[in-house]
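Engineer: Sharing a structure here in structure tokens format.
In our numbering, the protein residues as written are 22 to 259.
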């Protein structure tokens, strides 16, 4: 678990460093003024306000990734032994013990059991409450995961916006320059403008990598929860 989380940090840091450290080298070939003595932080700063937004977006992404790697653990959300114990107690109609056991835990299984108990002695209402709570828990999982997909879509568009704004600024600088326009002046401005596109693509690629890593976990938890909810529902009606 910890190994996967640290691997995620490593991939993110390495990719971000590689992209942004490569940009000054590319700019140096086109313009000495644009690249002389540029540090990684100066490269990021040259991206302007859009790069700041992308930086915040990357922090949100990494926070989500860390949270989901810690959260998406089937053995914690749906502990097998405790779930079996609850189902057995339900079949034996030992509701007081079921209530005590479910109140001790903060798992998905305990959550759907508490929902069934709140419905009272009506077995039909209890089954409906269990099914509704199970759907709610599953929806919460996939909502978190879908945030990564949305970040992967938003980041490149923000990067492209930053590039367009940078290009406009570069051309405006040349347009209002009364002297002779040199290609090297345009090259430096374009190089800076492309930084946000590279940043946006980096974030999007990493978001999709993490999405593909977390999706199987979410699907496994969903399958286990649906099975457990079905058995718990039967226990309320037994």
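Note that beta-carbon positions come from the ideal geometry of N, C-alpha and C, so glycine has one too.
1. Does residue 223 pass the burial test, meaning 16 or more other C-beta atoms within 10 Å, or should it be called exposed?
2. Output the distance between the C-alpha atoms of residue 235 and residue 195, rounded to the nearest integer angstrom.
3. Please go through the same chain and pick out, in chain order, the residues whose beta-carbon is closer than 7 Å to the beta-carbon of residue 75, but skip the five residues on each side of it.
4. May I ask you to report which of helix, strand or coil DSSP gives residue 92?
5. What residue range is occupied by the uninterrupted alpha helix (DSSP H) comprising residue 180?
6. With a 10 Å radius around its C-beta and 16 neighbouring C-beta atoms as the bar for buried, classify residue 80 as buried or exposed.
7. From what residue to what residue does the alpha helix (DSSP H) around residue 60 run?
8. Would the beta-carbon of residue 162 fall within 8 Å of that of residue 243?
9. Please report the straight-line C-alpha distance between residue 237 and residue 189, rounded to a whole angstrom.
10. Counting pairs of beta carbons, one from the stretch 246-254 and one from the stretch 148-168, are three or more of them closer than 8 Å?
11. Run through the stretch 93-126 for me and flag every whole alpha helix (DSSP H) of 4 or more residues, listed as ranges in chain order.
12. The alpha helix (DSSP H) that contains residue 137, what's its start and end?
Structural biologist: Looking at the atomic coordinates:
1. Taking the chain shown and counting its residues from 1, one reaches residue 223 at position 202. Flag for residue 223 reads buried.
2. Looking up residue 235 in the chain shown gives position 214. Looking up residue 195 in the chain shown gives position 174. Approximately 48 Å, taken between the alpha carbons.
3. Start at 1 with the first residue of the chain shown, and residue 75 comes out as number 54. Excluding residues within five positions, the ones whose Cβ falls inside 7 Å are 176, 179, 180, 217, 220, 221 and 224.
4. Residue numbering aside, residue 92 sits at position 71 when the chain shown is read from its first letter. Residue state, collapsed to three classes: helix.
5. Along the chain shown, one-based indexing puts residue 180 at 159. Residue 180 -> alpha helix (DSSP H) spans 144-196.
6. Mapped onto the chain shown, residue 80 falls at position 59. Answer is exposed; the Cβ neighbour count stays below 16.
7. In the chain shown, the residue the question calls residue 60 occupies position 39. Segment: none, residue 60 is in no alpha helix (DSSP H) and carries neither H nor E.
8. For the purposes of this step, residue 162 is identified with residue 141 of the chain shown, where counting begins at 1. For the purposes of this step, residue 243 is identified with residue 222 of the chain shown, where counting begins at 1. Closer than 8 Å, so yes.
9. The count along the chain shown starts at 1 and reaches residue 237 at position 216. The count along the chain shown starts at 1 and reaches residue 189 at position 168. Rounded to the nearest angstrom, the two C-alpha atoms are 43 Å apart.
10. Contact between the stretch 246-254 and the stretch 148-168 is present, because at least three Cβ pairs lie under 8 Å.
11. 95-98, 101-112 and 116-125
12. The residue you call residue 137 lines up with position 116 of the chain shown. Residues 129-139.
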